[in-house]
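**Q** Dropping the structure in here first, questions after.
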Amino acid sequence: MKPKRIILSVTNDLVTDQRVHRSCLALHEAGYEVLLVGRHLPGSVAVNRPYKTHRMRLLFRKKALFYAEYNCRLFLKLLFSRADAFYANDTDTLMANYYAAKLRGKPLFFDAHEMFPEVPELADRPRVKAVWTAIEDSILPHVEHCCTVCQSIADIYRERYGVEMAVVRNVPLRRSKADAGLSPKVAGILAQVPQGKRIILYQGAVNLGRGIEQLLEAMPLLDECHFIVAGIGDKYDSLRTYAHAHNLDDRVSFVGRLPLEELGQLTHHAQLGLSLLENRGLNYFYSLPNRIADFAQAAVPVLATDFPEIHAVVERYGIGTLIASGRENDAQALAQAIRDALGEWDGIAPEEKQRRFDRAGEELSWQHDKKILLGAVEKLWN
């Protein structure tokens, strides 16, 4: 019997989308024939995956014309490609998948990485938000097989559309331990940290609403700490300029995006991980940032905003300290919260720390959650 062929689709260029890559890899390793469809951008680098990929070259790259062209092109691709099922990643691929599946009599799986109409970029664009909401209103009540990234979003979609969503969290692969040695780049980063300073680490997208600005404002009050920012994003250059202008070069290191192996090496040397999201809509409020699982796997306690999904994980495993939303805007309060968190973990026995992080690292891993995804996909043919 030939393996069943699943066509997955995304609107990005495939290069940095780790959740979709993990999903494709899980399906491939489970015996499915996988084709991932995305788009090609100027400057897109080659992708070398064990499953098949296809990237479309589009005329338009932004806003309504892009989404219209993408969904028309994707619809035609799905209509005339050999497939046993279609897999839509996020609402911006849903229309093409839904109508192709309907016309061809194929099962459809929907993976909601977020509540798409609630992304911060649409907060001040009510008309555009209304369009995406209308798309979900018209299609999602008819989608039987789906998953999302957290229980809170699953509950909202169940109440709104009557759909039952499996919860497949955005968590990383479980890594046993950091490499014994350090790469020259990571060794150089750590060499910049003044002796005796405690490393507090942010890793991920350097964008608005991630609490990095507030950390920079608090750093003059934290003589005992050195802040490392690992990642890039829209705010990277302006924040680095701010740090230099406020004489923080000896207290803050901006190290850019690191390969996963090197990021893991760096994470293991931090004393505190930071995840200080601002409340910029339901997606932020109900998010469970990937970095929290990264910190747990590295046995690094986290200081995180007290949002529902974050609260549930931090409290369940006892792997960090929560700070009330809004408190991070007060530099003195934030600095004190960091000192309190470091002091709290100094007082916990090493054996207890290890017990907590062993449990959290095992369950907050893709090896754990991919079983949920595969079980949900198998139901397409039940």
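Residue numbers (our numbering): 166 to 547.
Beta carbons: idealized from backbone N, C-alpha and C, even for Gly.
1) Going straight from the alpha carbon of S174 to that of A469, what length do you get?
2) Does the count of Cβ pairs from the stretch 312-329 and the stretch 273-288 closer than 8 angstroms reach three?
3) Report the residue ranges of all beta strand (DSSP E) runs contained in full by the stretch 184-208; include only those spanning at least 3 residues, in chain order.
4) Can you name the start and end residues of the alpha helix (DSSP H) that D495 belongs to?
5) Can you check DSSP and say which residues form a bridge with H391?
6) Please classify Q357 as buried or exposed, where buried requires at least 16 other C-beta atoms within 10 Å of its C-beta.
7) Classify V566 as buried or exposed, calling it buried when 16 or more other Cβ atoms lie within 10 Å of its own Cβ.
8) Just curious, the alpha helix (DSSP H) that C237 is in, first and last residue?
9) Let me know the secondary structure DSSP gives L439 once reduced to three states.
10) Confirm, please, whether the CB-CB distance from L223 to R238 is below 8 angstroms.
11) Measuring CA to CA, which of E198, A489, L507 is closest to F251?
12) Closer than 8 angstroms is the cut-off here; do at least three beta carbon pairs connect the stretch 444-459 with the stretch 359-374?
13) Kindly give me the distance between the Cβ atoms of A458 and P337, rounded to whole angstroms, as I take these residues to be in contact under 8 angstroms.
14) Would you say Y451 and E474 are within 8 angstroms of each other, going by their C-beta atoms?
15) Thinking C-beta only, is Y407 closer than 8 angstroms to L381?
16) Is Y482 helix, strand or coil by DSSP?
17) Could you check what DSSP says for D178 in three-state terms: helix, strand or coil?
18) Check each candidate in R269, S418, W510 and name the one with the smallest Cα separation from F245.
19) What span of residues does the alpha helix (DSSP H) with F522 cover, start to end?
20) With a threshold of 6 angstroms on Cβ separation, who are the neighbours of Y326 within its own chain once the five nearest residues in sequence on each side are excluded?
21) If I'm right that V210 touches D534 with Cβ under 8 angstroms, what's the distance once you round it to whole angstroms?
22) Compute the Euclidean distance between the alpha carbons of A229 and T298, then round it to the nearest angstrom.
**A** On the basis of the data shown:
1) For the purposes of this step, residue 174 is identified with residue 9 of the sequence shown, where counting begins at 1. For the purposes of this step, residue 469 is identified with residue 304 of the sequence shown, where counting begins at 1. S174 and A469: Cα-Cα distance of roughly 32 angstroms.
2) Yes, they touch.
3) For the stretch 184-208, whole beta strand (DSSP E) runs of length 3 or above, ordered along the chain, are 198-205.
4) For the purposes of this step, residue 495 is identified with residue 330 of the sequence shown, where counting begins at 1. No alpha helix (DSSP H) holds D495; DSSP gives it neither H nor E.
5) As a position in the sequence shown, residue 391 is number 226, starting the count at 1. H391 is bridged to I364.
6) Numbered from its first residue, the sequence shown carries residue 357 at position 192. Exposed.
7) Shown here, the chain extends from 166 to 547; a query on residue 566 therefore has no answer.
8) Translated into positions along the sequence shown, residue 237 becomes position 72. Where C237 is concerned, the enclosing alpha helix (DSSP H) stretches over 228-244.
9) Along the sequence shown, one-based indexing puts residue 439 at 274. Shown here, L439 sits in a strand according to DSSP, grouped into three states.
10) Within the sequence shown, numbered from 1, the residue matching residue 238 stands at position 73. Within the sequence shown, numbered from 1, the residue matching residue 223 stands at position 58. One thing to note: R238 has its Cβ within 8 angstroms of the Cβ of L223.
11) By one-based count along the sequence shown, residue 251 stands at place 86. It is E198 whose Cα lies nearest to the Cα of F251.
12) The stretch 444-459 and the stretch 359-374 touch, with no fewer than 3 CB-CB distances between them shorter than 8 angstroms.
13) On the sequence shown, position 293 is the one that residue 458 refers to. On the sequence shown, position 172 is the one that residue 337 refers to. That pair is a contact at about 6 angstroms.
14) Along the sequence shown, one-based indexing puts residue 451 at 286. Along the sequence shown, one-based indexing puts residue 474 at 309. In this structure, E474 lies closer than 8 angstroms to Y451 by Cβ.
15) Start at 1 with the first residue of the sequence shown, and residue 381 comes out as number 216. Start at 1 with the first residue of the sequence shown, and residue 407 comes out as number 242. Cβ atoms of L381 and Y407: closer than 8 angstroms.
16) Residue numbering aside, residue 482 sits at position 317 when the sequence shown is read from its first letter. In this structure, Y482 counts as helix in the three-state DSSP scheme.
17) Within the sequence shown, residue 178 is the residue found at index 13, counting from 1. When secondary structure is reduced to three states using DSSP, D178 falls in the coil class, being assigned neither helix nor strand.
18) Stepping through the sequence shown from its first residue, residue 245 is reached at position 80. It is R269 whose Cα lies nearest to the Cα of F245.
19) Sequence index remark: in the sequence shown, residue 522 carries index 357 (1-based). Its alpha helix (DSSP H) spans residues 515-528.
20) The residue you call residue 326 lines up with position 161 of the sequence shown. Taken in chain order, the residues that qualify are L305, P306.
21) Indexing the sequence shown from 1 puts residue 210 at position 45. Indexing the sequence shown from 1 puts residue 534 at position 369. With a Cβ gap of about 28 angstroms, V210 and D534 do not count as contacting.
22) Walking along the sequence shown from the start, residue 229 turns up at place 64. Walking along the sequence shown from the start, residue 298 turns up at place 133. Rounded to whole angstroms, A229 and T298 show a C-alpha spacing of 15 angstroms.
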